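For reference, the structure is listed below as structure tokens.
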Amino acid sequence: MKSISGPLFVLPALALIALFVLIPFLGVLGLSMTNFDIYVLASSANLHFIGGANYVHLFHDQAAWQALETTLTVVLAGVPATLALSLICALMIESIAPRWRGLFRTAFFLPVVCSTVAVAISWRYLLNTHYGLINHLLVAVDLPALNWLGSPTLAVIAITVVVVWKGFGYGMIILAAARREIPEELYDIARIEGAGVRQQLLSITVPILAPTLGLLALLDVAGYWQLFAEPYVLTQGGPMGSTMSLLLLMYDRGFRWWRWGVASALAMILTVIMWLFVWLQRHTKTSWREG
Amino acid sequence: MASLELSHVYKVIGGRQTVLHDINLIAHHGELISVVGPSGCGKSTLLRSIAGLEEITSGDIFIGGRRVNDLQPQQRRIAMVFQNHALYPHMTVYQNLAFGLRARRVARSVVETRVRRTAVRLGLEALLGRYPRELSGGQRQRTALGRAMLRDPEVFLLDEPLSSLDVPLRSEMRRELMALHKSLGMTMVYVTHDQSEALSLGERVVVLSAGKVQQVDTPQEIYGNPLNRFVAAFVGWPPMNFLSSEILGTSAMDLQNVEYGVRPERLMLQQHAADDLSVSGRIECIESLGGVWQIEIIHNGARLIARVPPDAALRQDEELRLWFGRADLYAFHKTTGARVKVQR
Amino acid sequence: MRLVSAVAAGDPPDIAQVGNTDLATLVTLHAVIAQPPVAPDFFPGALNVTRFHGKYYGTPWYVDTRLLFYRPDILRRAGFARPARTWTDWLKQMQAVRRVLKRGQYPLLAPINEYAFLEVLALQQQTPVLRDDARYGNFDNPEFRAALTFYKNLFTQGLAPPIADHQLINLWWQMARGDFVFYVSGPWNIGEFRRLLPPKDEGLWMTAPMPGPHGPGASLIGGSDFVIFRTSTRKRLATAFIRYMLENRQQIYLYKLTGDLPARRGPWALPPLAGDVKLRAFRRQLEHVSSFEAIPEWDEIMDGMRRAAEQVIIGGQSVRAATRNLDRKVNNWLAARRQIMAKDKTQAPIRSGMSAP
Chain A
27 MKSISGPLFV
37 LPALALIALF
47 VLIPFLGVLG
57 LSMTNFDIYV
67 LASSANLHFI
77 GGANYVHLFH
87 DQAAWQALET
97 TLTVVLAGVP
107 ATLALSLICA
117 LMIESIAPRW
127 RGLFRTAFFL
137 PVVCSTVAVA
147 ISWRYLLNTH
157 YGLINHLLVA
167 VDLPALNWLG
177 SPTLAVIAIT
187 VVVVWKGFGY
197 GMIILAAARR
207 EIPEELYDIA
217 RIEGAGVRQQ
227 LLSITVPILA
237 PTLGLLALLD
247 VAGYWQLFAE
257 PYVLTQGGPM
267 GSTMSLLLLM
277 YDRGFRWWRW
287 GVASALAMIL
297 TVIMWLFVWL
307 QRHTKTSWRE
317 G
Chain B
26 MASLELSHVY
36 KVIGGRQTVL
46 HDINLIAHHG
56 ELISVVGPSG
66 CGKSTLLRSI
76 AGLEEITSGD
86 IFIGGRRVND
96 LQPQQRRIAM
106 VFQNHALYPH
116 MTVYQNLAFG
126 LRARRVARSV
136 VETRVRRTAV
146 RLGLEALLGR
156 YPRELSGGQR
166 QRTALGRAML
176 RDPEVFLLDE
186 PLSSLDVPLR
196 SEMRRELMAL
206 HKSLGMTMVY
216 VTHDQSEALS
226 LGERVVVLSA
236 GKVQQVDTPQ
246 EIYGNPLNRF
256 VAAFVGWPPM
266 NFLSSEILGT
276 SAMDLQNVEY
286 GVRPERLMLQ
296 QHAADDLSVS
306 GRIECIESLG
316 GVWQIEIIHN
326 GARLIARVPP
336 DAALRQDEEL
346 RLWFGRADLY
356 AFHKTTGARV
366 KVQR
Chain C
54 MRLVSAVAAG
64 DPPDIAQVGN
74 TDLATLVTLH
84 AVIAQPPVAP
94 DFFPGALNVT
104 RFHGKYYGTP
114 WYVDTRLLFY
124 RPDILRRAGF
134 ARPARTWTDW
144 LKQMQAVRRV
154 LKRGQYPLLA
164 PINEYAFLEV
174 LALQQQTPVL
184 RDDARYGNFD
194 NPEFRAALTF
204 YKNLFTQGLA
214 PPIADHQLIN
224 LWWQMARGDF
234 VFYVSGPWNI
244 GEFRRLLPPK
254 DEGLWMTAPM
264 PGPHGPGASL
274 IGGSDFVIFR
284 TSTRKRLATA
294 FIRYMLENRQ
304 QIYLYKLTGD
314 LPARRGPWAL
324 PPLAGDVKLR
334 AFRRQLEHVS
344 SFEAIPEWDE
354 IMDGMRRAAE
364 QVIIGGQSVR
374 AATRNLDRKV
384 NNWLAARRQI
394 MAKDKTQAPI
404 RSGMSAP
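Chains as they are written, first to last, in the working numbering: chain A, 27 to 317; chain B, 26 to 369; chain C, 54 to 410.
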């Protein structure tokens, strides 16, 4: 009885995972090794197993490499920026007078709960070359107006900025809560021992928040690899494909050009990359809790 | 020379709430002073003010003869131990001990030597590589003490350092602390809400209530000669019995407007001297504490507690007369609470 | 497209309204049936795009084409009574117009993330952009290169800003401000201009047929067709519905509701279409429309063409390199089509468009 009750309890969860994760995963894996396209849909007789041909195709596809580079750039620049901004705002909120806290917390968290599409459209106006607020501010301080969404380099920066702006509030809330859990006495001791503000931040606050930061980094990495809505609305992948993310490319290939085989291969590659990142992160010691 | 001196120290918050009210206190070098009072009486604020973690509104604080009002905490030559130990969870015992020395940029070899010496002294040498969460309560306590000792302070401030420990450990640590105090010869200010701890540890005891010093004296004097009703009621367990002059009846002295008090352990089952006083009442409950019984009697609606030797003759709901010597009777002014001398 | 999913799931509707490329996709999927034209007076260009292997698979419902929207007042200020008819004159006109504009204003708006304008320029040439029954790309021909060069010059000479449509704040308001003098767009913008600008600004914009390489040019036929699905059990009812929707009354009602232009000539002779001065250019252009082959890969190819143009305009690539690159990509995308056609021609339908033999 005892030996089967455990497995019985996890069975429903396992069944759900199998149904919604494992089976689709195997389906996509299978699909990625076929030529599934519009002609196959017309007649299943056209379906062929083509092994790794889709992967070879993607390997030689410059657009795929560019999408990988763009997405990687957003992940590598966006995740640290998000964490830093989350941390700074969390510490700021916790250090200001309590009656202002609610206001700032709401203001910083608002982007998280806003619809990405609405947010991206608002940013489109802010980033407009001629009429946008950002360029007006730049000009006001004697800097040149920038062609934010028209230059391949600036567009990637703009996308990263929007992604970070949209996401940092979540980490801020979590980090503010974690910061509140740190006893004030730890800082009292630091003051008595003569540790300054910078030292308090670097040798107390950051190390204690490290496990939380690690968790947020994991979530952000997973989220940013799946970059889609921001470039979809802001730039549609342009200019010159500079803001085409892997997921956006997958969408184009699969749902606009009916090349499901190639799109599935892209999905598999994205999955493997994300696995790799999660694995790397789990094997990097960022947490004192793991001992 | 006084190790610590507080002179007319006030702390007022927001211009209205007086947290510390005219505190005057002198601690001599090597003295262990305990500060006791109910929660919210200002004892932690007092300690934090001495440490410089909080600013005082007026008055002066001297440590080692130096006025420290305008000095930062790290310049005041104090060390502090907190109730929750305040160990850094992400640092090993060694790192926790070394934290202050590192912050002050002491040479690595010196740090190593001093940390090891202190660890040996506190029996922590085998635990230097452990993290706080891998330590027992007592070991954490010792680490916190060690960190404070490494500051080599003029005054050692302890804020309820034992209250997070469980009871058996607490008395053990109390003994260790006293031994430590003796061997270090350091001035200590020990804050607690537990009056028995305050009495057993302190060479002198400061009783604090509502931000005011009620009495400063040796434990014996605090217990035997309380200056007012608050001190009398706060110190001693079970607490002192209070009786109105009506209850005490004709046998009482002819004092007006007073309230009488007698400690439970002074109530006796027999008359010992001719001029002994007595009260009688119905036994409400008998509680055996082993070698001693705790009895509650109701007299004219007032409840009295007595600690007496076990006596099989005692029955619940029976009438009982309890005796006490005139010397054991205290009198307090009904409105001011000040002690009134009883004519004996 | 959701209809493809519906076909894949085996549960399509009886009737649907689809665009031209989608029609090709549905014909490829054998999902829709052929239906003879329900009226004699369709614009030939509109009817032609529904023909595959000699049969009509859709009934044109409404049509659109691309032509010029422009600012007559600014054009007059630059010394021109009406828009040019040829590319060369148009270029000269835009250069002259630029002199009367302020900084930040441009003679032309041609969003670089839209391919319709370049598609029209390509369509105006004699040589098609695909060859051998749309088996291979044929962009690397002198005529398309000329079209692409003309297009490129618009940007490199500063006549049009190299921006995408999402970099506009408000097209109509910006046109009214004079930010742009010419804009190539479709009929829906007649309604949008009227809806989004105050009535007093009605005189600020006008329409004109597309200039061509050597004279009034052809333009693209777009719009929407009714299809009946093979799986429908109510095909007669469906046909009756389509017939009803194409009566004058309903065609005019649709125009009033949405601004979509009738696919038959009949309603154009009646008010309010007959009296609208801004529709005249469309009426004329619709007699002069054409289209490329409709194959399922068409949108992907056009997207590729647009990207190639971006490489030239922003990336500084040469026109020659861009067209060669594009052909290579297109040949890749058409590989599956070539395979199918080698096996069975009927499986890869092609509309009798402008494919080189």
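Note that CB positions come from ideal geometry on N, CA and C, so glycine has one too.
Every value quoted in this text rests on a predicted model; they were computed, and no experiment measured them.
query	result
With three or more beta-carbon pairs closer than 8 Å as the criterion, would you say the segment 130–140 of chain C touches the segment 113–120 of chain C?	no
Between Gly-67/B and the rest of its own chain, which residues show a CB-CB distance below 7 Å, the 5 nearest in sequence each way excluded?	Val-44, Leu-45, Leu-233 and Gly-236
Tell me where the alpha helix (DSSP H) around Leu-109/A begins and ends.	88–121
Please check if any C-beta of chain A sits within less than 9 Å of the C-beta of Asn-109/B.	yes
Can you grab the Cα-Cα spacing for the pair Ser-208/B / Leu-147/B, in whole Å?	12 Å
Do you know offhand how far Gly-220/A's Cα is from Arg-291/B's?	52 Å
In the DSSP assignment, what residue or residues form a beta bridge with Asn-253/B?	Ala-363/B
Would you say Pro-66/C faces chain A, with C-beta separation under 9 Å as the test?	no
For Thr-118/C, name the three-state secondary structure that DSSP assigns.	coil
For Ile-418/C, which of Phe-208/C, Gln-177/C and Arg-152/C has the nearest alpha-carbon?	Here chain C has residues from 54 to 410 only, and residue 418/C is not among them.
Is there a Cβ from chain A that is less than 9 Å from the Cβ of Pro-186/B?	no
With a Cβ-Cβ cutoff of 9 Å, do Asp-278/C and Gln-70/C count as a contact?	yes
Can you tell which of Val-187/A, Leu-37/A, Leu-67/A and Thr-60/A has its C-alpha closest to the C-alpha of Ser-58/C?	Leu-67/A
Quick one: is Gly-286/B buried, meaning 16 or more other Cβ sit within 10 Å of its Cβ, or exposed?	buried
Along the segment 241–271 of chain A, where does the CB come closer than 8 Å to a CB of chain C? Name the residues.	Val-259, Leu-260, Thr-261, Gln-262, Gly-264, Pro-265, Met-266 and Gly-267
For Ala-77/C and Trp-321/C, which I take to be in contact (beta-carbon distance under 8 Å), what is that distance rounded to the nearest angstrom?	Not confirmed; about 27 Å, so no contact.
Taking Cβ-Cβ distances shorter than 7 Å, what residues in chain A pair up with Pro-31/C?	What the structure shows of chain C is the stretch from 54 to 410, and residue 31/C is not part of that stretch, so it cannot be assessed.
Run through the segment 116–169 of chain C for me and flag every whole alpha helix (DSSP H) of 4 or more residues, listed as ranges in chain order.	125–130 and 140–152
Can you say whether Ser-276/B is buried or exposed, counting buried as having 16 or more other CB atoms within 10 angstroms of its CB?	Confidence at Ser-276/B is low in this model, with a pLDDT of 49, below 50, so its placement is unreliable and no value can be given for it.
Run down chain B in chain order and give the residues with a C-beta less than 7 Å from the C-beta of Phe-209/A.	For clarity, residue 209/A is Pro in the given sequence; the question names Phe instead. In chain order: Asn-109 and Ala-111.
Going by DSSP in three states, Asp-353/B sits in which element: helix, strand or coil?	helix
For Asn-378/C, which of helix, strand or coil comes out of DSSP?	helix
I need the boundaries of the alpha helix (DSSP H) containing Gln-319/B, first residue and last residue.	Careful: Gln-319/B lies outside any alpha helix (DSSP H), inside the beta strand (DSSP E) at 318–324.
Measuring only between beta-carbons, confirm whether Ile-86/C sits less than 9 Å from chain A.	no
Using only alpha-carbon positions, find the residue among Gln-304/C, Arg-188/C and Ala-291/C that is nearest to Glu-346/C.	Arg-188/C
Using three-state DSSP, classify Leu-50/B as helix, strand or coil.	strand
With distances taken between CB atoms, is the gap from Gly-190/C to Arg-381/C smaller than 9 Å?	yes
Note down, in chain order, each residue of its chain lying with its Cβ closer than 8 Å to the Cβ of Ala-395/C, except the 5 sequence neighbours on either side.	none
Could you give the DSSP three-state label for Pro-264/C: helix, strand or coil?	strand
Looking at C-beta atoms only, is the number of pairs between the segment 169–186 of chain A and the segment 255–274 of chain A that lie closer than 8 Å three or more?	yes
Taking the beta carbon of Asn-72/A as the centre, do at least 16 other beta carbons fall within 10 Å, making it buried, or is it exposed?	buried
What residue range does the beta strand (DSSP E) around Ser-269/B cover?	266–269
Give me the Cα-Cα distance between Pro-264/C and Thr-155/A, rounded to the nearest whole angstrom.	30 Å
Just checking, does the segment 250–260 of chain B make contact with the segment 346–362 of chain B on the three C-beta pairs under 8 Å criterion?	yes
Using C-beta distances below 6 Å, list every residue in its chain close to Ile-305/C, excluding the 5 sequence neighbours before and after it, in chain order.	Pro-320
State yes or no: is the C-beta of Arg-73/B within less than 9 Å of the C-beta of Ile-88/B?	no
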